[in-house]
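Numbering (full-length UniProt numbering) for the sequence shown: 1 to 553.
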Amino acid sequence: MKRFLIILIIIASQHIITAQQTGSWGDQGDGTYKNPILQTNYTDNDVIRMRDTFYMMSSTNHFVPGMVILKSTDLVNWEFSNHIMNAPVDYDENFSITQKRKLTSRGNWAGSFGYNGEEYFAYWCYNKRNIKPGGTHIIVYSKAKTMEGPWSIPKEITWADGSHINTTDPGVFWDLETKKAWIGLWTHGEVRIYPMTWDGTEILENKGEGILVTNTYQGEAVKIFKYENMYYVSNVYVEKDTEGTRLRKGAIQRSKSIKGPWGKLILENGNGTNRNPAQGAFINLENGTSWFLHQLSTGTPQERYMGRPQFLEPVIWKDGWPIVGIDTDGNDVGEVVWQHTKPIQNKSIKAPAFDDNFDRAILGMQLNWRFNPDMSKWSLTERPGFLRLKSSVPSSSKNNSLDELPNIIGQRLMGRYDNVMTTKIDLSKMKSGQEIGFHISSLENNAIAIKKEKKKLQLLFRSGKNDALNIQKGSFINQKNIWFQAKVTNGLATFYYSLDGKMFTQFGNEVRLLFSGFAPNLVGYYSMNSEAKGYIDIDWFQYDYDGPKGDTK
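Take a look at the structure:
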């Protein structure tokens with residue numbers, strides 16, 4: 001059955017109101033922006049420009065599709081472009097739910113873009129196994145004629161002798177002036193630069209033979225770039241303070257020649273942050289300004305449930321060195337900027353799409369599967385205008401935790417305050433034993449759910465790491481449709497249900513959301529049963545939060 005006209009009118013009016021919504025972060029609608037520009041977890045970013053559009057790649061870890069790419073025309077307002085790997089990811093068997101203990105929070109991460117004048121390249125680390133024990137990292141690459149794709153199937157790049165490059169966070173650079181291609185790698189306490197073939201498919205030297213940049217201020221997140229005939233290498237450098245606390249800083253090396261010698265600069269913390277703006281991309285604009293787009297996780301561990309949001313900082317060059325942010329005290333060290341004039345003016349407010357009416361034949365790019373999905377277990381065409389989610393069977397017959405469930409789907413949390421996520425679900429085709437739910441999950445699983453037993457539908461609430469055991473049972477319901485809602489403010493989440501879409505009743509206790517360390521909290525859906533039977537039809541999903549909001553996708 002189609003949605004009632006009144007619901008369509010309400011939703012449409014809300015979309016019109018919020019089409020140019022501003023908030024406590026991002027584009028402020030007055031020519032300025034507030035950091036973070038993306039109050040969500042698009043981590044390990046790199047940025048490249050194709051004509052007048054900027055493209056940002058971010059890690060997806062074990063989520064599918066793999067390696068998301070966003071785009072922007074002003075570095076502040078971002079929307080989805082494409083993924084390098086579409087679902088299902090089939091280049092490695094470890095994306096199977098049966099390998100989840102090896103791949104959780106591992107997978108694909110920390111990419112780097114490159115361009116050789118003919119093709120665009122993306123390189124990243126693929127962590128095939130849990131680091132301890134027996135960790136195996138490899139570096140893979142994909143290429144495309146345009147940043148919009150399609151991208152080639154990922155292939156491994158190795159040392160010249162064919163051995164694996166067991167490291168993370170590569171940085172690539174094509175010097176169009178000298179016609180040389182380079183890859184920067186952090187291995188065994190050193191950052192070195194190695195020559196590549198111009199087509200980017202081969203490294204021409206073996207481990208330890210490349211140009212040594214540093215073995216002192218060394219670490220991950222290597223980037224190589226050129227500015228006014230000087231070569232620069234940036235990376236993350238970790239040291240301990242006098243109390244033994246690990247400090248994550250940004251190290252920048254420079255040289256007139258790619259072969260060195262290399263001088264250094266260490267970026268400092270500042271302006272209310274307890275971490276350093278280290279891992280990111282330097283971007284030079286045609287108007288002569290420079291910018292640094294980076295991840296920055298701030299606050300206490302509890303406050304970091306959002307993951308690592310994206311910040312945009314102005315860059316001033318002094319004596320050939322970048323000062324990131326604003327040097328408020330004149331010591332040549334930049335402080336983190338909380339509000340600033342936008343790099344490029346008069347562009348529309350945009351954000352990664354979050355509202356969804358499921359009225360297209362393809363999934364919105366905001367949606368992620370936890371591990372590879374069974375593509376036969378969902379549909380947008382069997383009932384147009386609805387997302388049909390069919391039941392999957394947990395991978396363990398002894399544990400019905402959501403951690404064991406294939407085809408759990410969701411999208412990143414967006415914003416820190418005043419998050420309200422509402423959805424309407426048709427329950428009429430549920431079968432006995434089937435459980436469906438509306439979840440927020442990362443390190444722990446939290447969900448408001450319905451289970452059908454002996455023709456009766458009962459409310460459930462799951463929470464915590466042991467969500468298979470920590471289950472509260474609620475009242476029985478006897479109707480076709482259910483509305484679920486979740487509210488999140490500063491990491492505290494509450495869940496609600498409604499029988500009419502108007503009056504919502506809280507069910508379950510308030511929970512604190514936790515960040516897994518790499519993979520973000522997702523909000524979304526699941527459907528499971530001990531047998532593959534029963535399905536639900538999801539009518540719509542609406543997301544209100546405290547930041548910029550563009551048009552519904």
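Each residue gets a CB set at the ideal place from its N, CA and C atoms; glycine is no exception.
Here the structure is a predicted model, which is why all the values come from computation and not from measurement.
Three-state secondary structure (DSSP) of residue i
| i | result |
| --- | --- |
| Met-56 | strand |
| Pro-133 | Low confidence applies to Pro-133: its pLDDT is 44, below 50, so where it sits in the model is not reliable, and the reading given next is rough at best. Three-state DSSP puts Pro-133 in coil, outside helix and strand. |
| Glu-118 | coil |
| Asn-82 | strand |
| Asn-509 | coil |
| Phe-371 | coil |
| Glu-531 | coil |
| Asn-35 | coil |
| Tyr-543 | strand |
| Phe-515 | coil |
| Phe-354 | coil |
| Ile-536 | strand |
| Asn-94 | helix |
| Ala-251 | strand |
| Phe-113 | strand |
| Thr-22 | coil |
| Lys-465 | coil |
| Glu-453 | strand |
| Glu-220 | coil |
| Asn-108 | strand |
| Gly-280 | strand |
| Lys-549 | strand |
| Asp-30 | coil |
Exposure label - residue i; buried when at least 16 CB within 10 Å
| i | result |
| --- | --- |
| His-188 | exposed |
| Arg-512 | exposed |
| residue 554 | As shown, the chain starts at 1 and ends at 553. That puts residue 554 outside it, with no answer to give. |
| Thr-422 | buried |
| Ile-258 | buried |
| residue 564 | Absent from the structure is residue 564, since the part of the chain shown begins at 1 and ends at 553. |
| Gly-547 | buried |
| Met-57 | buried |
| Ser-163 | exposed |
| Gly-117 | exposed |
| Gln-345 | exposed |
| Arg-416 | buried |
| Ser-428 | exposed |
| Trp-317 | exposed |
| Met-375 | exposed |
| residue 561 | The question about residue 561 has no answer here: the residues shown for the chain are numbered 1 through 553. |
| Ala-361 | exposed |
| Lys-240 | exposed |
| Phe-4 | Unreliable placement is indicated for Phe-4, whose pLDDT of 40 sits below 50; no coordinate value is reported for it. |
| Asp-30 | exposed |
Enclosing beta strand (DSSP E) for residue i [first to last residue]
| i | result |
| --- | --- |
| Val-523 | 522-528 |
| Leu-285 | Per DSSP, Leu-285 belongs to no beta strand (DSSP E) and is neither H nor E. |
| Ile-50 | In the sequence under discussion, the amino acid at residue 50 is Met, which differs from the Ile named in the question. Segment 46-50, the beta strand (DSSP E) holding Met-50. |
| Leu-492 | 492-498 |
| Thr-341 | 339-341 |
| Val-68 | 66-72 |
| Met-230 | 230-240 |
| Phe-476 | 471-477 |
| Trp-262 | Neither: Trp-262 is in no beta strand (DSSP E) and is coded neither H nor E. |
| Ile-482 | 481-489 |
| Phe-461 | 456-462 |
| Ile-214 | Reading off the sequence, residue 214 comes out as Thr, not Ile. Segment 211-214, the beta strand (DSSP E) holding Thr-214. |
| His-62 | No beta strand (DSSP E) contains His-62, which DSSP labels as neither H nor E. |
| Phe-225 | 223-227 |
| Leu-75 | Neither: Leu-75 is in no beta strand (DSSP E) and is coded neither H nor E. |
| Phe-292 | 290-295 |
Whole-number beta carbon distance between residue j and residue i, since they are thought to touch under 8 Å
| i | j | result |
| --- | --- | --- |
| Gly-364 | Gly-524 | That belief does not hold up - the Cβ atoms of Gly-364 and Gly-524 are roughly 11 Å apart, past 8 Å. |
| Leu-70 | Tyr-33 | In fact, because the Cβ distance is near 16 Å, the residues do not count as touching under 8 Å. |
| Val-233 | Val-213 | 5 Å |
| Asn-372 | Val-140 | Not really, about 17 Å apart at Cβ, beyond 8 Å. |
| Met-230 | Arg-192 | Incorrect: roughly 19 Å between the Cβ atoms, too far for contact. |
| Arg-248 | Ala-278 | 6 Å |
| Ser-397 | Lys-533 | The Cβ separation is near 16 Å, so there is no contact. |
| Asn-509 | Gln-295 | With a Cβ gap of about 32 Å, Asn-509 and Gln-295 do not count as contacting. |
heavy atom of the ligand SAM below 6 Å from residue i C-beta
| i | result |
| --- | --- |
| Ser-348 | Among the ligands in the structure shown, none appear at all, so the ligand SAM cannot be discussed. |
Query raised in the report: Where are the beta strand (DSSP E) runs, 3 residues long or more, that stay fully inside the segment 299-333, in chain order?
Result: 310-318 and 321-324
Query raised in the report: Which whole runs of the beta strand (DSSP E) in the segment 376-450 are 3 residues long or more, in chain order?
Result: 387-390, 409-412, 419-426 and 435-441
Query raised in the report: Which runs of the beta strand (DSSP E) fall wholly inside the segment 119-205 and span at least 3 residues, in chain order?
Result: 120-127, 137-144, 155-157, 171-175, 180-187 and 190-196
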